[in-house]
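Peer 1: Below is a structure I'd like to ask you about.
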Amino acid sequence: MTQGKGFGFGLGKMKEFADAIKKAQQVQEGAIQMQQELDSMEIVGEAAEGAVKVILSGNQEPRRVEIAPTALEKGAEELAALVLTALKSAYEQSTATMKQKMDDLTGGLGLPGV
2 MTQGKGFGFG
12 LGKMKEFADA
22 IKKAQQVQEG
32 AIQMQQELDS
42 MEIVGEAAEG
52 AVKVILSGNQ
62 EPRRVEIAPT
72 ALEKGAEELA
82 ALVLTALKSA
92 YEQSTATMKQ
102 KMDDLTGGLG
112 LPGV
């Protein structure tokens with residue numbers, strides 16, 4: 002008597018498939034938690050030794066801008082440059098934080114191309 006081969010999946014392939022589904026679920030659950038963590042974070046970019054601060058969430062959502070009275074005295078052009086410097090700093094920190102959290106989430110899962 003011959004046994005059918007089914008759809009070409011041996012037991013080993015089915016286990017690999019089940020493991021892949023489990024990993025995908027872990028990533029999805031981790032991604033939801035990561036989004037919540039990033040939303041609750043506040044990342045501060047500064048310029049002029051803290052005279053200008055731009056605060057973003059970990060998801061790069063603008064939260065607020067803080068400008069000390071001493072920075073106001075510098076004039077519009079220099080103040081604009083300070084705000085831009087602080088924004089760039091906050092953005093770079095936020096991007097690095099997001100990347101690190103994503104690496105933490107996917108690093109141990111052995112996902113190809115991630």
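Sequence positions in the sequence shown follow the numbering used here and run 2 to 115. Backbone N, C-alpha and C define an ideal beta-carbon position, used for all residues, glycine too.
So, helix, strand or coil for Gly59, using DSSP?
Peer 2: Three-state DSSP puts Gly59 in coil, outside helix and strand.
Peer 1: Could you have a look at Lys102 and say whether DSSP puts it in helix, strand or coil?
Peer 2: Lys102: helix per DSSP, three-state reduction.
Peer 1: Which two residues bound the contiguous beta strand (DSSP E) that contains Ala48?
Peer 2: Ile44 to Ala48 is the extent of the beta strand (DSSP E) around Ala48.
Peer 1: Would you give the residue range spanned by the alpha helix (DSSP H) that Asn72 belongs to?
Peer 2: A small correction: the amino acid at residue 72 is Ala; Asn does not occupy that position in the sequence shown. Its alpha helix (DSSP H) spans residues Pro70 to Leu73.
Peer 1: Going straight from the alpha carbon of Leu73 to that of Ile44, what length do you get?
Peer 2: Answer to the nearest angstrom: the Cα atoms are 23 Å apart.
Peer 1: Three or more C-beta pairs closer than 8 Å, one from the region 34 to 50 and one from the region 81 to 88: is that the case here?
Peer 2: Segments in contact, yes.
Peer 1: Mind checking who Arg65 pairs with in its DSSP beta bridge?
Peer 2: In the DSSP output, where bridge partners are listed per residue, Arg65 has Ile56.
Peer 1: Within its chain, find whatever has a CB closer than 8 Å to the CB of Ala52; leave out the 5 residues flanking it on each side and keep chain order.
Peer 2: Taken in chain order, the residues that qualify are Ile68, Ala69, Thr71, Ala72 and Leu83.
Peer 1: Given Gly5, which residues of its chain have a CB within under 7 Å of its CB, disregarding the five upstream and five downstream residues?
Peer 2: Note on Gly5: pLDDT 48, under 50, position unreliable in the model; the coordinate value appears next. Here the set comprises nothing.
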